[in-house]
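Letter by letter, the sequence shown follows residues 294 to 573 in the working numbering.
Here's the structure, in structure tokens; my notes come after.
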Amino acid sequence: MEEIIKQLGSQATLAKNMRLALRKIGKEEENPSRRLSILKDEVKKMDRYLENCLFDPVFKGRMNSELKPYRAEISSLEALVKADFGRKLAENLKDHGFSLEGHYPRLRTSMYTFVVKLDANKVDIYYGPEFERMDTVKASPDLTAAKLLEWDETISGREFDDDEFLNNLLEAYRICLLRENKNFDEEIPVSEIISAYSFVIQDKKFRENPLKKYYGEYSRIMFSYDLSRLRKRKLEGFELRLITARRAETKRKSAFLWIPPHSGKGLGESISQVKFREVK
């Protein structure tokens with residue numbers, strides 16, 4: 294008897310939840326994105342409820358028939374929302390000189406990639422072809438564009454001088470050679486050269502008192518971008534050489550660095566080692 298009572302209570306709860314889900318499904322919602330989110334959530338719930346309920350098979354069949362047009366609405370809304378997201382994002386970026394390319398869920402602009410996940414209501418923003426994830430924002434064209442512009446200013450808005458960069462990089466290379474007991478013209482892993490370079494460029498305050506608050510951030514992304522805009526390769530009798538990464542090295546993030554093309558178009562290149570060689 295107790296088992297029957299328990300089962301009846303369970304079915305009563307299911308029936309109550311089904312009524313709530315159906316009311317939400319039938320309620321009007323003008324915003325396509327919000328409507329899509331509601332439909333996907335509530336139809337998924339209904340599928341689960343129908344699977345666990347002990348209702349008459351004929352009644353279950355009727356319920357599935359009632360849900361059929363809403364499943365079709367989900368498909369049409371998905372296509373609409375995807376197209377609308379891409380259109381609005383393209384408009385926002387165009388106002389700032391960026392053009393959008395690609396197809397959902399991967400969209401590209403300049404040296405950045407968007408991976409749009411409308412189901413999860415989020416967008417992952419990457420530097421390069423999903424080389425380095427910079428941020429994750431809600432799936433809003435306005436928020437996505439604003440965050441991309443913020444990151445682009447951080448990366449490309451910095452002052453840059455070829456001679457200063459090469460001079461600092463040469464010093465970082467010398468530090469790495471000493472650490473590894475190597476000679477000039479020998480290769481240094483890119484992860485090590487980035488670490489040494491980020492130390493070399495710190496200001497006097499940090500060198501005298503290496504506290505976190507005095508540290509000037511310098512990331513892999515910044516180093517990658519600086520290499521892409523470097524036009525010179527020679528300084529004080531030395532020439533910079535970038536060693537192309539082998540396929541096996543690109544399987545481990547720390548073993549290589551992606552560099553965008555000078556022109557902004559194309560695939561760019563991946564390097565694994567850096568070295569300087571003496572030139573006459």
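Each residue gets a CB set at the ideal place from its N, CA and C atoms; glycine is no exception.
Subject >> C-alpha gap between residue 485 and residue 550, whole angstroms >> reply: 12 Å
Subject >> Neighbourhood of residue 453 by C-beta distance below 7 Å, restricted to the same chain and skipping five residues each side >> reply: 519, 522
Original post:
If you pair each beta-carbon of the stretch 396-406 with each one of the stretch 341-353, do three or more pairs fall below 8 Å?
Top reply: no
**OP:** Look at residue 315 and residue 374 and say whether their C-beta atoms are less than 9 Å apart.
**Re:** no
Original post:
Excluding sequence positions up to five away, which residues of its chain have a Cβ less than 6 Å from the Cβ of residue 338?
Top reply: 314
Subject >> Enclosing alpha helix (DSSP H) for residue 455 [first to last residue] >> reply: 455-473
**OP:** Report the residue ranges of all alpha helix (DSSP H) runs contained in full by the stretch 349-411; include only those spanning at least 4 residues, in chain order.
**Re:** 350-387
Subject >> Length of the line joining the Cα atoms of residue 419 and residue 346 >> reply: 44 Å
**OP:** Have a look at 312, 336, 569, 421 and flag the residue whose alpha-carbon is nearest the alpha-carbon of residue 530.
**Re:** 569
Subject >> residue 573, DSSP secondary structure in three states >> reply: coil
Subject >> residue 443, buried or exposed, once every other Cβ within 10 Å from all chains shown has been counted against 16 >> reply: exposed
Original post:
Got a sec, what are the start and stop residues for the alpha helix (DSSP H) residue 335 sits in?
Top reply: 325-345
Original post:
Quick one, are the C-beta atoms of residue 535 and residue 552 less than 9 Å apart?
Top reply: yes
Original post:
Applying the criterion that 16 or more other CB atoms from any shown protein chain within 10 Å of the CB defines a buried residue, is residue 412 buried or exposed?
Top reply: exposed
Original post:
Are residue 311 and residue 343 closer than 9 Å when you measure CB to CB?
Top reply: yes
Original post:
Shortest alpha-carbon distance to residue 320 belongs to which of 308, 307, 335, 558?
Top reply: 335
Original post:
residue 388: buried (16+ other C-beta within 10 angstroms of its C-beta) or exposed?
Top reply: exposed
Original post:
Between the stretch 457-474 and the stretch 490-502, do three or more beta carbon pairs fall short of 8 Å?
Top reply: yes
Original post:
Hey, quick one: how far does the alpha helix (DSSP H) through residue 441 stretch, first residue to last?
Top reply: 434-449
Original post:
Would you call the CB atoms of residue 513 and residue 446 closer than 9 Å?
Top reply: no
Original post:
Can you tell me whether DSSP reads residue 501 as helix, strand or coil?
Top reply: helix
Original post:
Do residue 538 and residue 563 come within 9 Å of each other at the CB atom, strictly closer than that value?
Top reply: yes
Subject >> Coil, strand or helix - residue 545 by DSSP >> reply: coil
**OP:** State the start and end residues of the unbroken alpha helix (DSSP H) segment that holds residue 490.
**Re:** 483-493
Subject >> Of the residues 385, 340, 380, 573, the one placed nearest residue 364, counting alpha carbons only >> reply: 340
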